[in-house]
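Number of protein chains: 4
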Amino acid sequence: MKKAIKIATIGGGSSYTPELIEGFIKRYKELPISEIWLVDVEDGKEKLEIVGRLAQRMWDATPYNVKVITTLNRKEALKDADFVTTQFRVGLLDARIKDERIPLLHRMLGQETNGAGGMFKAFRTIPVMKEIVEDMKELCPDAWLINFTNPSGIITEAVIKHFGWKKCIGLCNVPVIAMMNEPKVIGKQVSELNYQFAGLNHFHWHKVFDEDGIEVTGQLIDHINEKNGGTPANIYLAEFSLELLHSMNLLPCGYHRYYYSEKEMLEHSIEEFEKGGTRAEQMKEVEASLFEIYKNPNLNVKPEELQKRGGAYYSEAACECISAIYNNKGIHMVVSTQNNGAIPCLNSDSIIEISCLISAKGATPIAWGKMGAFEKGHLQIMKAMEECTISAALLGDYGVALQAFTINPLIQKGGEAKKVLDELLVVHEKYLPQFKEKISELKKRGVESKDSIVADLMKNGH
Amino acid sequence: MKKAIKIATIGGGSSYTPELIEGFIKRYKELPISEIWLVDVEDGKEKLEIVGRLAQRMWDATPYNVKVITTLNRKEALKDADFVTTQFRVGLLDARIKDERIPLLHRMLGQETNGAGGMFKAFRTIPVMKEIVEDMKELCPDAWLINFTNPSGIITEAVIKHFGWKKCIGLCNVPVIAMMNEPKVIGKQVSELNYQFAGLNHFHWHKVFDEDGIEVTGQLIDHINEKNGGTPANIYLAEFSLELLHSMNLLPCGYHRYYYSEKEMLEHSIEEFEKGGTRAEQMKEVEASLFEIYKNPNLNVKPEELQKRGGAYYSEAACECISAIYNNKGIHMVVSTQNNGAIPCLNSDSIIEISCLISAKGATPIAWGKMGAFEKGHLQIMKAMEECTISAALLGDYGVALQAFTINPLIQKGGEAKKVLDELLVVHEKYLPQFKEKISELKKRGVESKDSIVADLMKNGH
Amino acid sequence: MKKAIKIATIGGGSSYTPELIEGFIKRYKELPISEIWLVDVEDGKEKLEIVGRLAQRMWDATPYNVKVITTLNRKEALKDADFVTTQFRVGLLDARIKDERIPLLHRMLGQETNGAGGMFKAFRTIPVMKEIVEDMKELCPDAWLINFTNPSGIITEAVIKHFGWKKCIGLCNVPVIAMMNEPKVIGKQVSELNYQFAGLNHFHWHKVFDEDGIEVTGQLIDHINEKNGGTPANIYLAEFSLELLHSMNLLPCGYHRYYYSEKEMLEHSIEEFEKGGTRAEQMKEVEASLFEIYKNPNLNVKPEELQKRGGAYYSEAACECISAIYNNKGIHMVVSTQNNGAIPCLNSDSIIEISCLISAKGATPIAWGKMGAFEKGHLQIMKAMEECTISAALLGDYGVALQAFTINPLIQKGGEAKKVLDELLVVHEKYLPQFKEKISELKKRGVESKDSIVADLMKNGH
Amino acid sequence: MKKAIKIATIGGGSSYTPELIEGFIKRYKELPISEIWLVDVEDGKEKLEIVGRLAQRMWDATPYNVKVITTLNRKEALKDADFVTTQFRVGLLDARIKDERIPLLHRMLGQETNGAGGMFKAFRTIPVMKEIVEDMKELCPDAWLINFTNPSGIITEAVIKHFGWKKCIGLCNVPVIAMMNEPKVIGKQVSELNYQFAGLNHFHWHKVFDEDGIEVTGQLIDHINEKNGGTPANIYLAEFSLELLHSMNLLPCGYHRYYYSEKEMLEHSIEEFEKGGTRAEQMKEVEASLFEIYKNPNLNVKPEELQKRGGAYYSEAACECISAIYNNKGIHMVVSTQNNGAIPCLNSDSIIEISCLISAKGATPIAWGKMGAFEKGHLQIMKAMEECTISAALLGDYGVALQAFTINPLIQKGGEAKKVLDELLVVHEKYLPQFKEKISELKKRGVESKDSIVADLMKNGH
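Structure below.
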């Protein structure tokens, strides 16, 4: 008989945690958890305790005997864990506010995953992830690491390829959202369709066949600009050119709007910013009110308000993935894992986001085959951007960081981009020890952010 | 509602046909066939009729209303077919006798799939397969072609890559046999294990994991030299070196004994030949007696004697594959299909034999990833041998045929090999129109087989 | 003894022709030409005759007996030619004016080689080049085609890969200019340095070693932003970030400023446009005055004024390349030719611009090896852009043209880019027969250019 | 001004050394050597001193002031060396005798470079080469390592790829011999032809063009079976099939006879062995008599008898290569160096033998491009064999050694091959510390060579 399961969740103080708990409760019969350890850092201690108490109340309202333990001691949590989930945010939402405000102030995209913001999130996260993996090697060498810290693909590549932890799977909710929404627009259910995805995190395409093997990709393309056409709700629906998509005969993911409709997405984000600040600032408010709700000692279920926060299906994906491994299900999921040739135009050891079978031995990718020239070229430059980002994060090398900025299609190259890079380095100093020397040089040269909100955050030690 | 299914079986006069019929009968409820057309050539007319009548009796003994039609007119059979299965043998068993006798007389391996015999089978089959595909383009452009004519991988590559028929799947029973036999040796059932296969037809490896994701490949290796260790019954059990297999940590297929224990296999086959002639000669006798049995007008089930003929599970695989397509099952099968990157050290458009998901859209390969140097080098030379064989078959180019012979690891290169090539060309003249000119030159130079049995066959027009 | 050489120059009416003639005169002793055929189209007839007469006067002023023949009959010129040079411009400078004005009016880069303009030049040129190659197959099947029609890399790829003419070499003066200027900045001569170039036309890098094998790339980087640092005079010197270049440790070509300093280059080109119109308009004036000079019946040398026109060393490169082939020189030149593995991250049959040995058998590339992630990703997207451009040009497929626009890093993607595409299609209607249907649809929808200069050109039938 | 050159020759006691000295004397004016250090091991001390004295006499007979120093202290010799040449033989000729006798006694090819013998030479040499490179990193970090220890390609791959010494070039005389002999057979001189080689050491092909760019490969093929057709004198001229070569349209190297005419080569080598023992035994005698000659205190030139020993042009190649580096010549030579894409079907970082430009920065390969299926498959299996050999040599892993044996096309696989492996391990115990454990196990199981000559050698401590 298999032993009871220990889960360790790094960044356990996240407002998402109740969703994860709900997912585990729903699956308890197939996934007999005994302990859930929620870990966080000193700065997140208050939230961790609030959410920890709610989580325990949620379990206590079920017939199952599951203990929730909160801790600031990561090693204690990792000890003998079976599954480690990572959902932490180095520097919390304040760091994201800087990631978004500074590019937008320079009229560049302030987007936290694939733009300048995403690269800085990687710069901050990768050194911490390295420490986590080192702890795991010592404390739970057989555990699976289920990562949903963004930029999920980049972090997963660092973990698998650079830190050598093979039992890692990166998750994202974008493919789930597409599979939840698209079938309806052509009057089908997801179970009637064969989906195949391939690409990189936030940069993948898919094709769809019906139960007779007839391709319905083209039909779905015709609905892609509709509200329920498959794009996540948090992405502005700048119109895709249907002629472009039909010539590819592939369905792009929602994030492709940033690439194929770059101008409209940039203009819209600047407009939104000028109206109401960044998304991170809005989320900070939402989060504050969520934690007020979580405090209620009578609350013992996931509150409805969480649903609206976005990030839907993330925890669903995580729980399902864990269960598929534990129960050797062999089901189809779209995750970040090692290529192994599934996309032949990328290296075999690169991390990609791809349709996989999830079973006891982890994720096995389903081969996609040759890409057309258009998708291939785009994919290759994005993977190169990811590689430069990881190298810069590991080496703390400013020149390589400049390479990452210069190769990112969402950044307009030149002196202004360099300014954005320099300001972001300086404002994130606390979380970028690897760039210490360069930051000190930049500060001597007087580099700083002139934005009052950023200045305020920094004054308050964030 | 889906329409009733029409099957066309090329080489329908084969002694295997009752097995195929049995497979269809077992699956009638999920696979509602209405007509099975058995096609053959003039030379096989008598057998065709015998087996056709048996097939009809088999159906008549069921509650299902299925018509079996025999014909020498391929076009009539192909018209509007949904699935076409190919199991023909150009030149019948007499051709195989020549394929096996001539190399053995020169003390080379007389083996009908990967040796000189297999190459000649390809030379004879490819031109006929080309005509079949041309007919299909005209008469049943949406049909699936399920090939189990050997050398299955080479023929499937010709069909997909050279003749452009994408809806083709090549089948082989070797992986099925491994999955049927191996689990027992470690006290497991196949449903408890995750199998992953990759390679080429008759030249693949696999690895196996249990339901906890623990690799059990090494355990299975320890049993591989046992009688029920996974090797097909028709392959001599020349010992594998366990130290070699453990250092690879992969399970080779039964045919790998020809490569890893070349000397023992060669010696054994010469010994067998000297004792009792070739396997083809034995099979010719077996077949004659089978057809005697088939003639019995009271026989309306697959006779037990067929089981012993070898080639077990072939028809099982074919029927299951057809049903998986028809019913969009998404199950795991090991078939020959387009690589699509699943084995990154081979071209994306090469045909490989690989673990696939079989669904309405056909076979989708599961990515295997990097091979070790040893497997990689072997695989690449075997694929090169296949490519040279196909080129020679298409072009009728003698120099390229020599390349195929020279690169085949089972042939000792040099003047003797050239003699084998020359004699085989001459004795197969009737079925090698593409080599016409060269054969005529060889005959002028007096090339012939001195073997009396071959001479007799030829005298009788075979 | 080798026979006397016949040269055919397509686009012979170009104002550059006297430079080519001068190059041939200088090399007459090693390259004994007997006839030079200058071919042009009806629209260029007047210029052709002016330049033809000048060319003949230039030869007559030498001791060599060389005949210059002008013709509108391409076939006559190609008949038995030994070398064909292509320097034509479909639609003449008026087409270039449209290529540059329309993007700039939409505040996009109006650049005739790698931006929207370059893609349209390819759309217009490729169908004509196809006809030329067809003529050559018939009339001069052993001739070398020396192409310097821009976009030179794209055109050369179409000729070699799509039209199957292997004996084609694409030329560009950018590497020549770098090798002419750079050595001086570190006090060296080109003969003392080992240069190695690799990449694509207008998108390559180089590294340099001195005669002791010591790399001097870093020293040259430090001077790259100087006026004589290696960038062609016609490219605005938007500053390269030296930190970026040192981290790559490669010297980019001048055109990389459009990519690495995109914002500054775009702003500068808009500024220039608002001040003085496009470069094409300026060149049209320069050209008119050049032809006035060429008319002078006493002129029998290349006039000084031509030097200032830009495009320096182009003809030098062409004549040297022809001589290197004719005389089997085995010298180093940087040309567009088939990759053959020299840049492993691109397909072996792609056309690249690379350091080669030029000998009687043509251009043999010198292997460069692995690129860093940054260069690799950039190179791969640019090659994908080239491939999409060629596909669109061959197929007249609007969706693929949109792909080409969307993947081009110099185009801001979205609705505005689509407008530029649509307008360019409409204004170039005369030279884009392959897009006929789409253009007619666009015109029905009222697409047109609102620019008065473009409108005037079109009114006058250009 | 460049400083005077210090040469260090590992294995300086070789009978070939006078040839090397002669090469340096001939080039003194372009290659101003001041010191030549000849290093050897204790076992070779006597020979080292004899040859050292001869070498000094040779220099003393010239006007040049060059010192020859002999030493058993490798570190002393390497200190500040500019060029290190390696020509040592671990275990001397006695080891080669075992390499050749044992396979031949089992009726397998006893060939010291590509067969079992070559693999064992690699097993013995690689650990020593590792120490040499470690010393060089410390003592002469800027030196060039010119390797002609066989198997030259394998050793060079270990040095560059595994030990990280990039400034290494591997030499072989086979291409030189081809270029020396072939041109005459078609009435040409080498300077009139363009040669291009590609492949692996002792497994390469070439194609040849004349000064008009016309390919003459086919003409040379027609003469390849002649005595002066390009094959080294020490290789038996088992006939190549011209039809095979014409269909490839490539000239194989002499060693390809072992692969394309395997049977004849094997039979011939067994016959020779039965008549007169191994080549190594013959060479041991030749060597003994050479050293008698070298002792003559009046001898001060390379004696004629050395010419006959074979290995012609080796030293010529080494001296020319060193001079080409020193003088930045940029000449064509065929050497073992990093692929860099020149042969696209092999990894970019593999070592290949290829036409290169040799200049101050070392060897730059000339891109060859795609291979045909036949050459490609063969090349890939040979590279895999090399990789397995190196892995086995580095790891001392018996399973991997079995892989190397099983993938080698010149070894008939199976139990007999395993016996050869086992016996060779046991008889070479002294030089195979990495296999210590396995050898001790084999000895316990009673593995030994029953050959009296091998037994004698071992009794005498060899």
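Protein chains in written order, with this note's numbering: chain V, 1 to 462; chain R, 463 to 924; chain X, 925 to 1386; chain F, 1387 to 1848.
All C-beta atoms in this analysis are idealised placements derived from N, C-alpha and C, irrespective of residue type, glycine included.
Along the chain, where does the alpha helix (DSSP H) that runs through HIS256 (chain V) open and close?
Numbered from 1 along the first sequence, position 256 holds the residue referred to as residue 256 (chain V). Per DSSP, HIS256 (chain V) belongs to no alpha helix (DSSP H) and is neither H nor E.
I need the boundaries of the alpha helix (DSSP H) containing GLN1143 (chain X), first residue and last residue.
Taking the first residue of the third sequence as 1, we reach residue 1143 (chain X) at position 219. Secondary structure note for GLN1143 (chain X): its alpha helix (DSSP H) is the uninterrupted segment 1141–1145.
I think PRO344 (chain V) touches GLY803 (chain R), with their Cβ atoms under 8 angstroms apart; what is that distance to the nearest whole Å?
Indexing the first sequence from 1 puts residue 344 (chain V) at position 344. Indexing the second sequence from 1 puts residue 803 (chain R) at position 341. About 3 angstroms; that satisfies the 8 angstroms criterion.
Assuming ASN1567 (chain F) is part of the alpha helix (DSSP H), what are its boundary residues?
Looking up residue 1567 (chain F) in the fourth sequence gives position 181. Per DSSP, ASN1567 (chain F) belongs to the alpha helix (DSSP H) from 1560–1571.
Are the beta-carbon atoms belonging to ASN711 (chain R) and THR679 (chain R) less than 7 angstroms from one another?
Translated into the one-based positions of the second sequence, residue 711 (chain R) becomes position 249. Translated into the one-based positions of the second sequence, residue 679 (chain R) becomes position 217. Yes.
With a threshold of 7 angstroms between beta carbons, is LEU1345 (chain X) in contact with chain V?
Numbered from 1 along the third sequence, position 421 holds the residue referred to as residue 1345 (chain X). False, the Cβ-Cβ gap to chain V never drops below 7 angstroms.
Kindly confirm or deny that the stretch 468–477 of chain R and the stretch 506–517 of chain R touch, where touching means at least three C-beta pairs closer than 8 angstroms.
yes
CB contact check: ILE467 (chain R) to chain V, cutoff 7 angstroms
On the second sequence, residue 467 (chain R) is found 5 positions in, with the first residue counted as 1. Under the 7 angstroms criterion on CB atoms, ILE467 (chain R) is classed as non-interfacial with respect to chain V.
Three-state class that DSSP yields for GLY86 (chain V) in the structure shown:
As a first step, residue 86 (chain V) is located in the first sequence; it is residue number 86 there, counting from the start. It is Thr, not Gly, that sits at residue 86 (chain V) in the sequence shown. Look at THR86 (chain V) here: in three-state DSSP terms it is strand.
Exposed or buried, ALA604 (chain R), counting other C-beta atoms within 10 Å across all chains shown (16 or more means buried)?
Mapped onto the second sequence, residue 604 (chain R) falls at position 142. Sequence check: residue 604 (chain R) is Asp here, not Ala. Under a 10 Å Cβ-count criterion, ASP604 (chain R) is classified as exposed, with fewer than 16 other Cβ atoms of the shown protein chains found around its own Cβ.
Could you tell me the alpha carbon to alpha carbon distance between PRO525 (chain R) and LYS770 (chain R), rounded to whole angstroms?
As a first step, residue 525 (chain R) is located in the second sequence; it is residue number 63 there, counting from the start. As a first step, residue 770 (chain R) is located in the second sequence; it is residue number 308 there, counting from the start. Distance between the alpha carbons of PRO525 (chain R) and LYS770 (chain R) is about 28 angstroms.
Alpha carbon to alpha carbon, how far is MET1189 (chain X) from GLU262 (chain V)? Give it in angstroms, no decimals.
The residue labelled residue 262 (chain V) in the question sits at position 262 within the first sequence. The residue labelled residue 1189 (chain X) in the question sits at position 265 within the third sequence. Looking at the two C-alpha atoms, the distance is approximately 19 angstroms.
GLU262 (chain V): contacting residues in chain X (beta-carbon distance under 7 angstroms)
Here residue 262 (chain V) corresponds to residue number 262 of the first sequence, with the count starting at 1. At a beta-carbon threshold of 7 angstroms, the residues of chain X lying near GLU262 (chain V) are GLN1336, LYS1337 and GLY1338, ordered along the chain.
Please report how far the alpha carbon of LEU955 (chain X) lies from the alpha carbon of ASN1580 (chain F), in whole angstroms.
Here residue 955 (chain X) is taken as the residue at index 31 of the third sequence, counted from 1. Here residue 1580 (chain F) is taken as the residue at index 194 of the fourth sequence, counted from 1. So the two alpha carbons sit approximately 20 angstroms from each other.
Where LEU1491 (chain F) meets chain X, residues with beta-carbon distance less than 8 angstroms:
Stepping through the fourth sequence from its first residue, residue 1491 (chain F) is reached at position 105. Within 8 angstroms Cβ-Cβ: nothing; LEU1491 (chain F) doesn't reach chain X, min ~43 angstroms.
Among all the DSSP beta bridges, which residues are the ones paired with GLU1421 (chain F)?
Looking up residue 1421 (chain F) in the fourth sequence gives position 35. Under DSSP, GLU1421 (chain F) takes part in a beta bridge, and its partners are F:LYS1392 and F:LYS1453.
Along the chain, where does the beta strand (DSSP E) containing GLY1556 (chain F) start, and where does it finish?
Residue numbering aside, residue 1556 (chain F) sits at position 170 when the fourth sequence is read from its first letter. Its beta strand (DSSP E) spans residues 1554–1556.
ALA436 (chain R) versus GLU100 (chain V) - alpha carbon distance:
As shown, chain R starts at 463 and ends at 924. That puts residue 436 (chain R) outside it, with no answer to give.
Leaving out five residues before and five after ILE622 (chain R) in sequence, what residues of the same chain have Cβ atoms less than 7 angstroms from its Cβ?
Translated into the one-based positions of the second sequence, residue 622 (chain R) becomes position 160. So the list reads LYS628, CYS630, GLN800 and ILE813, once near-sequence residues are dropped.
Counting only C-beta atoms, is THR1379 (chain F) closer than 7 angstroms to chain X at any point?
The requested residue 1379 (chain F) is not part of the displayed model; chain F covers only 1387 to 1848.
Step through the CB atoms of chain R and report whether any lies within less than 7 angstroms of the CB of PHE197 (chain V).
Within the first sequence, the letter at position 197 stands for residue 197 (chain V). It does not; no Cβ of chain R falls within 7 angstroms.
Quick check on LYS529 (chain R): buried or exposed, where buried means 16 or more other Cβ atoms within 10 Å of its Cβ?
Working through the second sequence from its first residue, we reach residue 529 (chain R) at position 67. Exposed, by the Cβ-count rule.
Using only alpha-carbon positions, find the residue among F:ALA1467, F:GLN1497, F:ILE1512 and F:VAL1560 that is nearest to LYS1523 (chain F).
On the fourth sequence, position 137 is the one that residue 1523 (chain F) refers to. Residue F:ALA1467 is the option with its Cα nearest to LYS1523 (chain F).
Which bits of chain R does ILE1656 (chain F) rub up against, with CB to CB less than 7 angstroms?
Locating residue 1656 (chain F) in the fourth sequence gives position 270, where the first residue counts as 1. What ILE1656 (chain F) touches in chain R: nothing, since even the nearest Cβ is about 14 angstroms away.
Would you give the residue range spanned by the alpha helix (DSSP H) that ALA1067 (chain X) belongs to?
Taking the third sequence and counting its residues from 1, one reaches residue 1067 (chain X) at position 143. Element bounds for ALA1067 (chain X): n/a, residue is neither H nor E.
Measure from the C-beta of ALA578 (chain R) to each C-beta in chain F and report whether the shortest distance is under 7 angstroms.
Here residue 578 (chain R) refers to the residue found at position 116 of the second sequence. No, ALA578 (chain R) does not count as interfacial toward chain F.
Three-state secondary structure (DSSP) of GLY1286 (chain X)
On the third sequence, residue 1286 (chain X) is found 362 positions in, with the first residue counted as 1. The answer is strand: DSSP assigns GLY1286 (chain X) an E or B state.
Within 10 Å of its beta-carbon, does ASP884 (chain R) have 16 or more other beta-carbons around it, so buried, or fewer, so exposed?
The count along the second sequence starts at 1 and reaches residue 884 (chain R) at position 422. Buried, by the Cβ-count rule.
With a Cβ-Cβ cutoff of 7 angstroms, do VAL185 (chain V) and HIS223 (chain V) count as a contact?
Taking the first residue of the first sequence as 1, we reach residue 185 (chain V) at position 185. Taking the first residue of the first sequence as 1, we reach residue 223 (chain V) at position 223. A contact, by the Cβ cut-off of 7 angstroms.
Using a beta-carbon distance below 7 angstroms, is MET1 (chain V) in contact with chain R?
Numbered from 1 along the first sequence, position 1 holds the residue referred to as residue 1 (chain V). Low confidence applies to MET1 (chain V): its pLDDT is 43, below 50, so where it sits in the model is not reliable, and the reading given next is rough at best. No, because no Cβ of chain R sits closer than 7 angstroms to the Cβ of MET1 (chain V).
Should GLU782 (chain R) be labelled buried (16 or more other beta-carbon atoms within 10 Å of its own) or exposed?
What you label residue 782 (chain R) is simply residue 320 of the second sequence in a count that begins at 1. With 16 or more Cβ atoms within 10 Å of its Cβ, GLU782 (chain R) is classed as buried.
Could you say which of F:LEU1490, F:GLY1477 and F:GLU1428 lies nearest to LYS1663 (chain F) if we only look at CA atoms?
Reading the fourth sequence from its first residue, position 277 is the one you call residue 1663 (chain F). According to the sequence as given, residue 1663 (chain F) is Gly; it is not Lys. Here the closest residue by C-alpha is F:LEU1490.
What's the gap between the Cα of TRP205 (chain V) and the Cα of ALA178 (chain V)?
Within the first sequence, numbered from 1, the residue matching residue 205 (chain V) stands at position 205. Within the first sequence, numbered from 1, the residue matching residue 178 (chain V) stands at position 178. When rounded, the distance between both Cα atoms is 11 angstroms.
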